[in-house]
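Engineer: If you're matching positions, the sequence shown starts at 531 in our numbering and goes up one per residue. Pasting a structure below so you can have a look.
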Amino acid sequence: MKKILIIIVLIVIAIAAVVVVRKRKAEKKTFKMIPVQRGDVTEKAIAIGQIVPRQDISIKSKIRGILKKRFVEIGDKVKVNTQLIEVNPDPTPIEFMRAKRQMEIARVIKDNAETECIRSKQLLDGKWASQQEYDDCKQMLDETKLRFEMAKENFDLITKGKVEMKGQKIDNIIRSPIEGTVLEFFVDEGDPIVPLTSSQAGTPLMTVADMTDLIFEGTVDEIDVGKIEEGITAIITAGALPDKKIYGIISEISPKAKREANATLFKIEIEFAMTNTLNLRAGYSATAKIIIAETTNAPIIPERLIFYSNDFAYVEICEDEESQIIKPKKITTGLSDGMSTEIKNGLKEGDLIVERLKKEW
Numbered sequence: 531m532k533k534i535l536i537i538i539v540l541i542v543i544a545i546a547a548v549v550v551v552r553k554r555k556a557e558k559k560t561f562k563m564i565p566v567q568r569g570d571v572t573e574k575a576i577a578i579g580q581i582v583p584r585q586d587i588s589i590k591s592k593i594r595g596i597l598k599k600r601f602v603e604i605g606d607k608v609k610v611n612t613q614l615i616e617v618n619p620d621p622t623p624i625e626f627m628r629a630k631r632q633m634e635i636a637r638v639i640k641d642n643a644e645t646e647c648i649r650s651k652q653l654l655d656g657k658w659a660s661q662q663e664y665d666d667c668k669q670m671l672d673e674t675k676l677r678f679e680m681a682k683e684n685f686d687l688i689t690k691g692k693v694e695m696k697g698q699k700i701d702n703i704i705r706s707p708i709e710g711t712v713l714e715f716f717v718d719e720g721d722p723i724v725p726l727t728s729s730q731a732g733t734p735l736m737t738v739a740d741m742t743d744l745i746f747e748g749t750v751d752e753i754d755v756g757k758i759e760e761g762i763t764a765i766i767t768a769g770a771l772p773d774k775k776i777y778g779i780i781s782e783i784s785p786k787a788k789r790e791a792n793a794t795l796f797k798i799e800i801e802f803a804m805t806n807t808l809n810l811r812a813g814y815s816a817t818a819k820i821i822i823a824e825t826t827n828a829p830i831i832p833e834r835l836i837f838y839s840n841d842f843a844y845v846e847i848c849e850d851e852e853s854q855i856i857k858p859k860k861i862t863t864g865l866s867d868g869m870s871t872e873i874k875n876g877l878k879e880g881d882l883i884v885e886r887l888k889k890e891w
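Put into structure tokens, the structure is as follows:
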């Protein structure tokens, strides 16, 4: 009986010793094994920007005045020559008096030229003047009539805002130059308006754009711009439509960089392949993923398990898990998306590589 008890005690001690040894070995283990798997890798560049109309028109006035009336509201669709804004002329006292005096002076000069021309015709009939003298007088009369008409048109324009010149009407109604949608107003009724001239930019009144022709406009970092080119596919996601993917093609890459927040960025434009099925609006913030290269069903491993030395890539393998002998293995890598890397040579599907729980290199 004593022998049986002794044997049982010895067996229990042996089992406990094995458990303790294995537990200590497990505690000392500083790595785990990761298998090489098959998967897809897509190398891409990221562009940050917004969705905008390809062309938006800033509407301005060519006459000075006060905004009298708006015929449209934000969101209205307009056609070419649709009435947008009426401007009530508001000349300064000096402009009013100058235009009025110029018109009166031109009228006096015209009247004098008419009188002179009548006298010249009488002299011609009495053979006291030559035909050339009469023709010169008539030419002078025509010029003075033209100057009077110009002065009168100028006076009417700055006081009434309307004038007709040889069948062409000029008025104080600003019309749309394109077919599109009213996006925004910059002035309200009663606001003063500075006209667009060769010497001044003028007051922006409103913006009209063709909302059926939208593009993505954004920037990419200088690190990625050398990898992309016009014609490459991109997938755009708008912040307001996170579940929708908009496919497009790069149509323009700026040849010149710009600096923003200590970063060197290049402007790009992406044309949409389709927009009719999406409720897109101008100004949506958006992100474009530009597909540079991709591979499918290739052996891949996590990017974090690769280290580099002397321009070569390596991973670590464990030849003997019991003794925990780890050795580096040279590999050839392919595409990387920052998370996973394609393995072209050195490893195959199912191979086990080391991931250190506590990195020692």
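Backbone N, C-alpha and C fix where the C-beta goes; we use that ideal spot for every residue, glycine too. No experiment lies behind these values; they were computed from the predicted model shown.
1) Measuring alpha carbon to alpha carbon, tell me which residue in K786, E760, F802 is nearest I776.
2) Take V550 and list the residues in its own chain whose beta-carbon comes closer than 7 Å to its own, dropping the five residues that flank it on each side.
3) In chain order, what residues of the same chain lie with their CB nearer than 7 Å to the CB of E663, ignoring the 5 residues before and after it?
4) Which one of K592, I820, L676, G710 has the shortest CA to CA distance from T612?
5) Residues in the same chain with beta-carbon distance under 7 Å from S839, minus the five sequence neighbours each way, listed in chain order, please.
6) If you compare alpha carbons, which of T826, I830, E872, L877 is closest to I847?
7) Buried or exposed: which applies to G880, given that a residue is buried once 16 or more other Cβ atoms fall within 10 Å of its Cβ?
8) May I ask which residues mark the beginning and end of the beta strand (DSSP E) holding T863?
9) Using DSSP with H/G/I as helix, E/B as strand and the rest coil, what is A793?
10) Answer yes or no: do N827 and R568 have a C-beta to C-beta separation smaller than 8 Å?
11) Let me make sure I understand the geometry here. Which of G761, V610, I708 has the alpha-carbon closest to that of D586?
12) Can you grab the Cα-Cα spacing for the pair L865 / F842, in whole Å?
13) Would you list the residues sitting across from P722 in a DSSP beta bridge?
14) On the three-state DSSP scale, how would you describe R811?
15) On the DSSP bridge assignment, give the partners of N875 in chain order.
16) In terms of residues, what are the limits of the alpha helix (DSSP H) holding P623?
17) For E759, which of I820, V884, I578 has the nearest alpha-carbon?
18) Where does L735 sit, in a helix, a strand or coil, going by DSSP?
19) For R600, tell me which candidate among D718, R886, V884, I822 has the shortest Cα-Cα distance.
20) In the DSSP assignment, the alpha helix (DSSP H) including A681 goes from what residue to what residue?
Structural biologist: Based on what the coordinates show:
1) Within the sequence shown, the letter at position 246 stands for residue 776. Comparing Cα positions, the closest option is F802.
2) The count along the sequence shown starts at 1 and reaches residue 550 at position 20. Note that V550 has pLDDT 48, beneath the 50 cutoff, so the model's placement of it is unreliable and the number below is only indicative. Result list for V550: empty, nothing under 7 Å.
3) Mapped onto the sequence shown, residue 663 falls at position 133. The residues are S650.
4) Against the sequence shown, residue 612 aligns to sequence position 82. Per the Cα distances, G710.
5) Translated into positions along the sequence shown, residue 839 becomes position 309. Cβ within range, chain order: n/a, list empty.
6) Numbered from 1 along the sequence shown, position 317 holds the residue referred to as residue 847. The shortest Cα separation from I847 among T826, I830, E872, L877 belongs to L877.
7) To locate residue 880, count along the sequence shown from 1; it is residue 350. So G880 ends up on the exposed side.
8) Counted from its first residue, the sequence shown places residue 863 at position 333. Run containing T863: 855–866, per the beta strand (DSSP E) assignment.
9) Position 263 of the sequence shown holds residue 793. A793 falls in the strand class under three-state DSSP.
10) Within the sequence shown, the letter at position 297 stands for residue 827. Within the sequence shown, the letter at position 38 stands for residue 568. Contact flag set, yes.
11) On the sequence shown, position 56 is the one that residue 586 refers to. That would be I708, whose Cα lies nearest to the Cα of D586.
12) Position 335 of the sequence shown, counted from the first residue, corresponds to residue 865. Position 312 of the sequence shown, counted from the first residue, corresponds to residue 842. Each residue's alpha carbon lies about 15 Å from the other.
13) For the purposes of this step, residue 722 is taken as the residue at position 192 of the sequence shown. In the DSSP output, where bridge partners are listed per residue, P722 has I596.
14) What you label residue 811 is simply residue 281 of the sequence shown in a count that begins at 1. Residue state, collapsed to three classes: coil.
15) The residue given as residue 875 occupies position 345 in the sequence shown. The partner list for N875 (beta bridge, DSSP) reads T862.
16) Counting from 1 along the sequence shown, the entry for residue 623 is found at position 93. Looking at the DSSP string, the run of the alpha helix (DSSP H) that includes P623 is 623–655.
17) Within the sequence shown, numbered from 1, the residue matching residue 759 stands at position 229. The shortest C-alpha separation from E759 is found at I820.
18) Within the sequence shown, the letter at position 205 stands for residue 735. Here L735 sits in coil by DSSP.
19) On the sequence shown, position 70 is the one that residue 600 refers to. Measuring from the Cα of R600, the nearest candidate turns out to be D718.
20) Translated into the one-based positions of the sequence shown, residue 681 becomes position 151. Its alpha helix (DSSP H) spans residues 661–690.
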